[in-house]
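Novice: The sequence shown begins at 0 in numbering that gives the first Met the number 0 and counts up by one. All residues carry an ideal CB built from backbone N, CA and C; glycine is no exception. Treat the numbers as computed from the prediction; the structure is a model and nothing was measured.
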Amino acid sequence: MPQQPDLLDPQLLTVSPTEGFEGPRLWVRRLVIWKEPGGEKVRDIELRPGLNIVWSPDGADDAASVGQTNAVGHGSGKTLFCRLIRYCLGEDRFATEPQRDRIGTAFLNGIVGAEIMLDGICWAILRPLGARRRHMAVPGGNLDEIAAGEGASTGMEPFVEAIDQQIITTALAQLVRPQANGHIWPIALAWLTRDQECRFDDVLDWRSPASDSDSPMPASGQEKGPRLEALRSFLMAITPEEQATRGEVNSLSEERRVLDQEIGHRRWEIERTQTRLVMGLGLEGQSLPEMPLLIDLMRRSASTRLASASKIPTGGDAELAAAREQREAARNEWARLEGERIRIGALIPAEERTLAMIRGELPGLSYSKVEAESPICPICEVPIDRALAEGCKLSHRIPDADACRQRWNQRQADHDSQAKRVEDLRQEHTKLLPQIALAKQHFDRSVDNVTNIEKTRDARESTWYTARRLQDDVERLAELFDAQEAGIKRLRELGTKLETERERLGAFRDKQARVFGRMSEKFDPIVRRLVGHDAKGRITLSGNGLDLSVDMGGDRRTAAIDSLKVLAFDLAAMCVSIEGATRVPSFLLHDSPREADLGLSIYGRLFDIVQDLERVGGKPLFQYIVTTTTAPPTEFRGRPYLQLKLHGDPPAQRLLGVDL
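1) Note down the Cα distance separating G344 from E427, rounded to an integer number of angstroms.
2) L171 and S214: beta carbons closer than 8 Å?
3) Which same chain residues end up closer than 6 Å to Q325 when comparing Cβ atoms and leaving out the 5 residues on each side of it in sequence?
4) Just to confirm the assignment, what range does the beta strand (DSSP E) spanning Q164 have?
5) Quick check on T244: does DSSP put it in helix, strand or coil?
6) F606 and W26 - do their beta-carbons sit closer together than 8 Å?
7) Tell me the rounded alpha-carbon separation between A209 and R92.
8) Secondary structure at S576, three-state DSSP: helix, strand or coil?
9) Would you report the Cα separation of Q483 and A301, rounded to the nearest angstrom?
10) Which of the three DSSP states, helix, strand or coil, is assigned to P157?
11) Closest by CA to F522, which one among T628, E196, A308, V549?
12) Going by alpha carbons, who is nearest to A572 out of G544, F621, A558?
13) Please classify L11: is it buried, with 16 or more other beta-carbons within 10 angstroms of its beta-carbon, or exposed?
14) With DSSP as the reference, label T465 as helix, strand or coil.
15) Name the one or two DSSP bridge partners that K535 has.
16) Taking 8 Å as the threshold, find out whether the stretch 600-620 comes into contact with the stretch 84-102 through three or more Cβ pairs.
17) How would you label K292, buried or exposed, when you count the other beta carbons within 10 angstroms and need 16 or more for buried?
18) If you count every other CB in all the chains shown that lies within 10 Å of the CB of R513, and 16 or more means buried, which is it?
19) If you draw a straight line from the C-alpha of F20 to the C-alpha of G647, how long is it?
20) Quick one: Cα of R275 to Cα of H441, how far?
21) What does D590 pair with, by DSSP beta-bridge criteria?
22) Can you round the beta-carbon distance between C87 and R126 to whole angstroms, since I take them to be within the 8 Å contact cut?
23) Whose C-alpha, out of D423, L305, L641, V657, is nearest the C-alpha of V53?
24) Check whether chain B comes within 8 Å of R92, counting only Cβ atoms and requiring the distance to be less than that.
25) Checking the sheet assignment: what are the DSSP bridge partners for E26?
26) DSSP beta-bridge partners for N249?
27) Strictly by DSSP, which residues pair up with D91?
28) Answer with buried or exposed for L645, where buried requires no fewer than 16 other C-beta atoms within 10 angstroms of its C-beta.
29) Return the chain-ordered list of same chain residues with a C-beta closer than 8 Å to the C-beta of L655, the five sequence neighbours on each side being excluded.
30) Taking all protein chains shown into account, decide if L280 is buried (16 or more other Cβ within 10 angstroms of its Cβ) or exposed.
31) Measure the C-alpha to C-alpha separation of T633 and S600 and round it to an integer number of angstroms.
32) For I115, tell me which candidate among G603, A130, L83 has the shortest Cα-Cα distance.
33) Where does D194 sit, in a helix, a strand or coil, going by DSSP?
34) Mapping DSSP to helix, strand and coil, what is K439?
35) Under the rule that 16 or more other beta-carbon atoms within 10 Å means buried, what is Q409, buried or exposed?
36) What's the gap between the Cα of L305 and the Cα of A328?
Below, the structure written as structure tokens:
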């Protein structure tokens, strides 16, 4: 079906500048590179409000490049030029670390300076390229004198703070500030001076990790929320009330997530506790009511069990103490008898050895007694009686029979006494055995008595504690159920409140639609100028983010169209800044914003649009700096638009004039 034609002519790009401004609020007037302080100037580049082009042509594109038809336009220093401007505008680094090392080696004392106009005041900015650490930002200062002098470092804080105060404003800082006491200008700078490495593929991709720029917030990647909030703040498309509401929505969402997780965990604990109580109270197999009636049934059952457990004999402490005393007395008596048995058992062998020794002496004593009664002379072997009768001529000593008899009698008495002692010990040992057995039986009975009393007490206590634990678990289940009910109620309240706050956010978005409508009023004519009269461009803000669409017989989404959308969006934002409807300066720096298939005609129209914007208000109210390898249209290849022409070869025609 043929498309219905537009009833109205396409709207033309119109810009109504803010009254009272004679030029852009912030623009770079001059960029200078010195080999060393006060020494040779490697570059001294004058810039202007309006369009400023830095061109690094291929040899075939530049008729003036005689003998360089094979020269390549890349590697000449266009990106470094952009990075140095960003560096002088307050960015922390001017190149990747390997490139900084090479530049620092070639320019050990090198410095870069810029004259930057801020609300009519010229700021002299001076920053090191090599080993020096002096950073200067002096309002109303003379750049050449500061570069040649040795003044104390001021840092970039005064300049960045001035932009935050004069253009960004403190009210906006409260909406965007990434951290306590952090500056907002570096975030805006990341948007207004996009990395070439981002390839202009997304309106919210500002800094590539490969550029090593150390942006104050993630300026690329999937986490686009902070950048979108910052962009909306810069476009004055968000209010503190909406920011507070968004914070409330995030807080409520997080609270609901945590509460939902707690409800899930509590539900699992309720089910586990309920199952354990049903089994512990013996309620399985019964028809049980639903909660909370089930809790009342469990309470009654637990109370009944506790009352029954309280009636079990207790095995009182006095009875247990008496039983333990009896057990100890029986243990001591048994131990005493057993010790006596052991003592006697140890004495018997010793006494038996003594008896055996005495018994061994008796035969010798008996022989001595007989021999004493009828002795034989040991010398002449003549019976003593004969010797006495006839007389012995050899000895006058005769054995004493009475003494021998007395010794024998004494030893015999010792033997009888020892034998009796051994017999008495044996009899005493024998008598101890039944006494020990009785004592052991008495001890065993006392141990059993104590054990039975303790078992009775422990059984009662175990039953009582089990019943009491079941009762406590029932109360714990009741608490869990009440907490679950309260949690579910709170979850419903959070859901209702969250929906209300989201509706408020939607209302805020609807209120801010006029801001993006104003952006679309600039975006659509710019798109038409770039790609054709029949194209349509639109900017919309939804719950999913910022959407840029280009309709050319259907929504087009290709790499080249995506780049075109980003260029058109930035130009539209610059137009709105000229009208004073943003909190960022009307300043843009684009580093080679051309995809390979963007098309030369589209690329040329970009310069025509910017040239037309210069005529708004009678003088340029913005500054747009663009670097390019593709040849700009003929009328833009000289003054006042072309500010610098670089070549990749020879090295002297590169930005720094040397081969790094």
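Specialist: Put simply:
1) Those two C-alpha atoms are separated by around 10 Å.
2) With contacts defined as CB atoms closer than 8 Å, L171 and S214 fail to qualify as a contacting pair.
3) Hits under 6 Å: S445.
4) Annotation for Q164: no beta strand (DSSP E) segment contains it, and DSSP assigns it neither H nor E.
5) Three-state result, T244: helix.
6) In this structure, F606 does not lie closer than 8 Å to W26 by Cβ.
7) Rounded to whole angstroms, A209 to R92 spans 13 Å at the Cα level.
8) In the three-state DSSP reduction, S576 falls in the helix class (H, G or I).
9) Approximately 22 Å between the Cα atoms of the pair.
10) Helix.
11) That would be V549, whose Cα lies nearest to the Cα of F522.
12) For the options G544, F621, A558, the alpha carbon positioned closest to that of A572 is the one of F621.
13) Burial state of L11 is exposed, judged by a 10 Å Cβ sphere holding fewer than 16 other Cβ atoms.
14) Under the three-state reduction of DSSP, T465 is assigned to helix.
15) In DSSP, K535 forms a bridge with D550.
16) No, because fewer than three Cβ pairs between the stretch 600-620 and the stretch 84-102 fall closer than 8 Å, the two stretches do not touch.
17) First, the amino acid is wrong: residue 292 is Leu here, not Lys. Under the 10 Å beta carbon count, L292 is surrounded by fewer than 16 other beta carbons and is classified as exposed.
18) By the neighbour-count rule (16 or more Cβ atoms within 10 Å), R513 is not buried but exposed.
19) In a straight line, the C-alpha of F20 is about 40 Å away from that of G647.
20) Each residue's alpha carbon lies about 46 Å from the other.
21) Answer is T626, bridged to D590.
22) Between the beta-carbon of C87 and that of R126 there is about 6 Å, and that keeps the pair under the 8 Å contact cut.
23) Check the Cα spacing between V53 and each of D423, L305, L641, V657: the tightest is with L641.
24) Going by chain labels, chain B is absent from the structure shown, which holds only one protein chain.
25) Residue identity differs from the one stated: residue 26 is Trp in this sequence, not Glu. Bridge partners of W26: M116.
26) None; N249 has no bridge partner.
27) DSSP lists no partner for D91.
28) Buried.
29) Apart from the 5 residues on each side of it in sequence, L655 sits with its Cβ closer than 8 Å to the Cβ of I32, V41, R42, G76, L79, I102, A105, F106 in its chain, given in chain order.
30) Per the 10 Å Cβ criterion, buried.
31) The straight-line gap from Cα to Cα measures roughly 13 Å.
32) The shortest C-alpha separation from I115 is found at L83.
33) Note: D194 maps to coil in three-state DSSP.
34) The answer is helix: DSSP assigns K439 an H, G or I state.
35) Answer is exposed; the Cβ neighbour count stays below 16.
36) CA-to-CA, the gap between L305 and A328 works out to about 38 Å.
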